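Engineer: Okay, here's the structure, questions in a sec.
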Amino acid sequence: WIHCHTPATDASGTVKAAMDVLFNDFQDMRLPAQLRVSMACCLNMCGAVHCSDIAILGYHRKPPMLDHEYLDKVCEIPLAVSPCPTAAIKPAKVQLANGKEVKSVDV
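Start counting the sequence shown at 367; every next residue gets the next number (my numbering).
Here it is, written out as structure tokens:
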């Protein structure tokens, strides 16, 4: 499985639902030997959904809400920004309500 490694989509429920359907086909060898199943939260090709046999594509109706105060403590910002080939997630410096400037991302 290839899945989005940024915290934009929680893949566990989607993977469970897809494998519940496909598991018997894998066991009985009714699928091609090189079957590629992938998931991504956008069509920007970081999840390789454009070249997979079965692609699961999630999308957001609204941009994800960001908590700038804690983002740099729970996420390595360069690793969150670098996989996106279209720069939909960009690094940014944000001024908090208390006047402190922190490193964050802009979507």
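Backbone N, C-alpha and C fix where the C-beta goes; we use that ideal spot for every residue, glycine too. Every value quoted in this text rests on a predicted model; they were computed, and no experiment measured them.
If you follow the alpha helix (DSSP H) that P444 is in, where does it begin and where does it stop?
Structural biologist: Residues I443 to V447.
Engineer: State the DSSP-derived secondary structure class of H369, mapped to helix, strand or coil.
Structural biologist: Since pLDDT at H369 reaches only 42, below the 50 mark, its modelled position is unreliable, and no value is offered.
Engineer: Identify the continuous alpha helix (DSSP H) that holds Q393 and give its terminal residues.
Structural biologist: Taken as a continuous stretch (DSSP letters only), the alpha helix (DSSP H) holding Q393 covers S378 to Q393.
Engineer: So what does DSSP say about K469, is it helix, strand or coil?
Structural biologist: Reduced to three states, the DSSP call for K469 is strand.
Engineer: For A384 and A453, what's the separation of their Cα atoms in angstroms?
Structural biologist: Cα to Cα, A384 sits roughly 29 angstroms from A453.
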